[in-house]
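Residue numbers (the numbering used here): 274 to 361. Structure, as structure tokens:
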């Protein structure tokens, strides 16, 4: 398994997103190139940070769904930013 795919699967929300997309496309996550995976990571990060069109990830990040979910969301944002910086 490529390093970028291994790293992507260590981020809950990105792994979930990539798995669902691959299922819809009838592909394996490994079939996507690095650019496509990074693009999806940026999209997922946006779901946490975009307050103009809030997604439930943003509500978690802002603490609207409790401290535990906020802690998880902050961790996801941190991991996504590091992932994008490393592989972009």
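Here a beta-carbon is modelled for each residue, glycine too, at the ideal position from N, C-alpha and C. Note that the structure is predicted; figures quoted are calculated from it, not measured.
| message | With the cut-off set at 7 Å, would you say residue 282 and residue 288 are in Cβ contact? | response | yes
Practice item. For the alpha helix (DSSP H) containing residue 299, list its first residue and its last residue. Key: It is not in any alpha helix (DSSP H) - residue 299 carries neither H nor E in the DSSP assignment.
Nonlocal neighbours in the same chain, by C-beta distance under 6 Å from residue 314, ignoring five residues either side = 287, 353, 356 and 357
query = Do you know whose CA, among 298, 274, 306 and 333, lies nearest residue 343's CA?
reply = 333
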